[in-house]
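Participant: Below you will find the structure I want to go over with you.
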Amino acid sequence: MESPPAERVKKVSAVVFALLVFLPVLLFSSMIAGREISRFYALAWSLFAAGIAFAIAYTGRVSAYRRVFFSASAVLFLVHFKSGLFPGAPGPSCFKETPFCHIAMAPYFFGYLYQQYLALMSGGWKLWGPLTLGAGWLFVTLAIGRGWCSWACFYGGIDDGLSAIPRRPLIKAGGWVFKLRDLPAALLVFMLLASLAYMLPVYCLWLCPFKLTEVFMDGEPSVRRLQYALMVFALAALVLGPLLTRKRTFCSFLCPFAAWQAFWGRANPFRVTAAPEKCSACGNCAQACPMFAVTCAAGAAAEVLPYCNLCGECLGACPQGALRYTVFGADLPAAGGRLGRLFTAGYFFVFSALTLGGVFSSLWAPAALRDLVKLVLP
Ligand code: SF4
Ligand code: SF4
0 MESPPAERVK KVSAVVFALL VFLPVLLFSS MIAGREISRF YALAWSLFAA GIAFAIAYTG
60 RVSAYRRVFF SASAVLFLVH FKSGLFPGAP GPSCFKETPF CHIAMAPYFF GYLYQQYLAL
120 MSGGWKLWGP LTLGAGWLFV TLAIGRGWCS WACFYGGIDD GLSAIPRRPL IKAGGWVFKL
180 RDLPAALLVF MLLASLAYML PVYCLWLCPF KLTEVFMDGE PSVRRLQYAL MVFALAALVL
240 GPLLTRKRTF CSFLCPFAAW QAFWGRANPF RVTAAPEKCS ACGNCAQACP MFAVTCAAGA
300 AAEVLPYCNL CGECLGACPQ GALRYTVFGA DLPAAGGRLG RLFTAGYFFV FSALTLGGVF
360 SSLWAPAALR DLVKLVLP
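Put into structure tokens, the structure is as follows:
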């Protein structure tokens with residue numbers, strides 16, 4: 000039991016941290032969602048993000064509460080994006096101005112050259128086109144780097160949430176899986192070349208499981224069958240894989256953006272770093288990591304790979320406290336005062352990631368809340 004003053008300091012700093020997240024999310028969420036729906040839903044979404052911030056700061060459990068936020072954002076994306084599937088639902092409203100899906104971002108550039116379809120040409124984003132896309136991506140990369148894949152991506156939220164459902168893995172991934180770890184990089188190169196050759200968004204047409212119900216299927220039956228087969232395969236990696244293995248199989252092996260971000264994310268200062276002098280080589284972190292992003296050879300200290308997306312899961316799994324968030328591998332100098340505990344690399348990162356995730360998901364989350372309210376109270 001902590002002494003009352005320590006407990007009070009913890010509560011006060013958690014409230015301050017929650018406010019720091021709440022205000023920017025509310026500002027941008029109101030601007031984004033408020034164009035089409037009541038700002039009440041933006042407020043509800045901002046309060047949720049602030050609640051997550053409070054829970055993280057008060058309990059210190061980063062990954063558990065991050066996962067609640069991340070999965071909720073992904074479920075709301077599905078609710079709004081696929082709301083046409085529900086009879087009587089209002090249908091997506093907030094995607095008219097959505098500029099792009101980041102997963103196939105790199106191949107889109109080629110598609111744009113030939114004025115292909117997909118959202119780059121949509122709404123007000125048309126003016127800026129690829130520049131908007133490039134500027135948005137650069138900002139995200141500088142702010143949270145690879146953290147995007149564990150704090151903001153709607154696909155990742157599905158994979159991550161499902162991987163937490165089973166208590167134990169039915170299929171245990173052996174060490175050989177690490178040999179496949181560079182598969183997304185190969186897929187990315189293939190997608191770039193194929194998109195350039197055909198001037199089509201190849202990932203969207205052939206792999207994206209969200210397109211299964213869309214009009215993007217080819218008119219030729221044999222091609223259409225192949226499209227379906229590949230999309231069902233991707234859907235299995237997104238849904239069945241995590242349920243069977245407790246790992247994020249889609250994000251680890253099939254997402255070209257994960258490979259893209261693993262490379263460019265190095266420009267971002269935030270890292271998860273293992274302290275070799277503390278590490279007892281128990282391997283708990285490698286077992287806990289849902290991304291196959293940390294290795295621990297027998298007798299050797301843990302090593303965090305460039306595929307780490309800063310989810311924080313391994314931090315809580317390490318019995319030695321050997322893993323922590325750092326800035327380029329170094330700790331920040333300790334700050335004194337009541338709020339000193341917030342001046343660490345971990346809190347700086349969580350603030351950036353949660354705020355950015357909260358703002359980005361304002362493109363759909365408040366509208367999805369509105370959809371749910373309309374479904375329940377027509
Ligand atoms: S190494 Fe740790 S922080 Fe990085 S992805 Fe794996 S569990 Fe998450
Ligand atoms: S869980 Fe901690 S002590 Fe065990 S291998 Fe990983 S970093 Fe080392």
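Each residue of the sequence shown is one higher than the one before, counting from 0 in numbering that gives the first Met the number 0.
We put the CB at the ideal spot given by N, CA and C, even for glycine.
1. Ala273 lies in the beta strand (DSSP E); which residues open and close that run?
2. Is Tyr40 helix, strand or coil by DSSP?
3. How should Tyr202 be labelled, buried or exposed, when 16 other C-beta atoms within 10 angstroms of its C-beta is the threshold for buried?
4. Check whether the Cβ atoms of Pro318 and Cys281 lie closer than 8 Å to each other.
5. Which runs of the alpha helix (DSSP H) at least 4 residues long sit entirely within the region 298-337? Give them in chain order.
6. Note down, in chain order, each residue of its chain lying with its Cβ closer than 6 Å to the Cβ of Tyr116, except the 5 sequence neighbours on either side.
7. Start and end of the alpha helix (DSSP H) containing Ser72?
8. Considering Cα atoms alone, identify which of Phe232, Arg180, Thr272, Phe153 is closest to Glu302.
9. Under 8 Å, do Leu186 and Leu253 count as touching if we go by C-beta distance?
10. Identify the continuous alpha helix (DSSP H) that holds Ser251 and give its terminal residues.
11. Quick one: grab the DSSP three-state call for Thr343.
12. Among Tyr346, Leu322, Ala321, which one has its Cα closest to the Cα of Ala333?
13. Which first and last residues belong to the alpha helix (DSSP H) in which Lys373 is found?
14. With Gly220 as the anchor, note down where its alpha helix (DSSP H) starts and where it stops.
15. With Phe342 and Leu331 assumed to form a contact (beta carbons below 8 Å), what rounded beta-carbon distance in angstroms separates them?
16. Does the region 20-34 come into contact with the region 274-293, if we say contact requires no fewer than three beta-carbon pairs (one atom in each stretch) closer than 8 Å?
17. Alpha helix (DSSP H) containing Gly156: first to last residue?
18. Are at least three pairs of beta-carbons, each pair with one atom in the region 363-372 and one in the region 68-79, less than 8 Å apart?
19. Rounded to whole angstroms, what is the Cα-Cα separation between Trp150 and Pro289?
20. Flag Phe138 as yes if its beta-carbon sits less than 8 Å from any beta-carbon of chain B, otherwise no.
21. Taking the alpha-carbon of Ala52 as reference, which of Phe76, Ala43, Leu19, Leu229 has the nearest alpha-carbon?
22. Is Cys310 near ligand 1, judged by its Cβ being under 7 Å from some heavy atom?
23. Whose C-beta lies closer than 6 Å to the C-beta of Trp44 among residues of the same chain, with five residues either side of it excluded?
24. Specify, as a first and last residue, the run of the alpha helix (DSSP H) that Leu204 falls within.
25. Keeping to the same chain, check which residues put their C-beta closer than 7 Å to that of Ser162; ignore five residues upstream and five downstream.
26. Looking at Pro318 and ligand 2, is the gap between the Cβ and the nearest heavy atom below 7 Å?
27. Buried or exposed for Leu204, going by 16 or more other Cβ atoms inside 10 Å?
28. Mind the definition here: the region 3-19 touches the region 308-326 only if three or more C-beta pairs lie below 8 Å; say whether that holds.
29. Using only CA atoms, which one of Ala266, Lys81, Phe209, Leu243 lies nearest to Met230?
30. Based on the DSSP output, what are the partners of Val293 in its beta bridges?
31. With C-beta atoms as the reference, is Tyr306 less than 8 Å away from Ala261?
32. Where do the N-terminal and C-terminal ends of the alpha helix (DSSP H) with Ser361 fall, by residue?
Facilitator: So, from the listed chains and residues:
1. Walking along the sequence shown from the start, residue 273 turns up at place 274. 269-273 is the span of the beta strand (DSSP E), which, as asked, contains Ala273.
2. Taking the first residue of the sequence shown as position 1, residue 40 is located at position 41. In this structure, Tyr40 counts as helix in the three-state DSSP scheme.
3. The sequence position of residue 202 within the sequence shown is 203, counting from 1. Buried.
4. Taking the sequence shown and counting its residues from 1, the one referred to as residue 318 is at position 319. Taking the sequence shown and counting its residues from 1, the one referred to as residue 281 is at position 282. Yes, the pair counts as a contact, with Cβ atoms nearer than the cut-off.
5. 312-316
6. As a position in the sequence shown, residue 116 is number 117, starting the count at 1. Low confidence applies to Tyr116: its pLDDT is 45, below 50, so where it sits in the model is not reliable enough to give any reading.
7. Taking the first residue of the sequence shown as position 1, residue 72 is located at position 73. Per DSSP, Ser72 belongs to the alpha helix (DSSP H) from 61-80.
8. As a first step, residue 302 must be located in the sequence shown, where it is residue number 303. If we check each option's Cα against that of Glu302, Thr272 comes out closest.
9. Translated into positions along the sequence shown, residue 186 becomes position 187. Translated into positions along the sequence shown, residue 253 becomes position 254. Yes, the Cβ-Cβ distance between Leu186 and Leu253 is below 8 Å.
10. Locating residue 251 in the sequence shown gives position 252, where the first residue counts as 1. Taken as a continuous stretch (DSSP letters only), the alpha helix (DSSP H) holding Ser251 covers 248-252.
11. Your numbering for residue 343 matches position 344 in the sequence shown. Of the three classes helix, strand and coil, the one that applies to Thr343 here is coil, per DSSP.
12. Taking the first residue of the sequence shown as 1, we reach residue 333 at position 334. Of the candidates Tyr346, Leu322, Ala321, the one whose C-alpha sits nearest the C-alpha of Ala333 is Tyr346.
13. As a working mapping, residue 373 is identified with position 374 in the sequence shown. Per DSSP, Lys373 belongs to the alpha helix (DSSP H) from 364-375.
14. Taking the first residue of the sequence shown as position 1, residue 220 is located at position 221. Note on identity: in this sequence residue 220 is Pro, with Gly being the wrong assignment. Counting along the chain, the alpha helix (DSSP H) containing Pro220 begins and ends at 220-244.
15. Residue mapping note: residue 342 aligns to position 343 of the sequence shown, counting from 1. Residue mapping note: residue 331 aligns to position 332 of the sequence shown, counting from 1. Phe342 to Leu331, Cβ: 6 Å. Contact.
16. no
17. Position 157 of the sequence shown holds residue 156. Here the alpha helix (DSSP H) through Gly156 covers 153-162.
18. yes
19. Position 151 of the sequence shown, counted from the first residue, corresponds to residue 150. Position 290 of the sequence shown, counted from the first residue, corresponds to residue 289. Taking the straight line joining both Cα atoms gives about 14 Å.
20. Included in the structure is just one protein chain, with no chain B present.
21. What you label residue 52 is simply residue 53 of the sequence shown in a count that begins at 1. Of Phe76, Ala43, Leu19, Leu229, the residue nearest in Cα terms is Leu19.
22. On the sequence shown, position 311 is the one that residue 310 refers to. Result yes, Cβ under 7 Å from ligand 1.
23. For the purposes of this step, residue 44 is identified with residue 45 of the sequence shown, where counting begins at 1. These residues qualify, in order along the chain: Ser28, Ala364, Pro365.
24. Start at 1 with the first residue of the sequence shown, and residue 204 comes out as number 205. Taken as a continuous stretch (DSSP letters only), the alpha helix (DSSP H) holding Leu204 covers 201-205.
25. Here residue 162 is taken as the residue at index 163 of the sequence shown, counted from 1. If we look at Ser162 and ignore the five residues flanking it on each side, its Cβ neighbours are Pro241, Arg245, Lys246, Arg247, Pro289.
26. Residue mapping note: residue 318 aligns to position 319 of the sequence shown, counting from 1. Checking every heavy atom of ligand 2 against the Cβ of Pro318, one is found closer than 7 Å.
27. The residue you call residue 204 lines up with position 205 of the sequence shown. Buried, since its Cβ has 16 or more Cβ neighbours within 10 Å.
28. no
29. Walking along the sequence shown from the start, residue 230 turns up at place 231. Checking every option, the nearest Cα to that of Met230 belongs to Phe209.
30. Taking the sequence shown and counting its residues from 1, the one referred to as residue 293 is at position 294. According to DSSP, Val293 bridges with Val303.
31. Residue numbering aside, residue 306 sits at position 307 when the sequence shown is read from its first letter. Residue numbering aside, residue 261 sits at position 262 when the sequence shown is read from its first letter. Their beta carbons are under 8 Å apart, which means Tyr306 touches Ala261 by this criterion.
32. Looking up residue 361 in the sequence shown gives position 362. First-last for Ser361: undefined, no H or E at that position.
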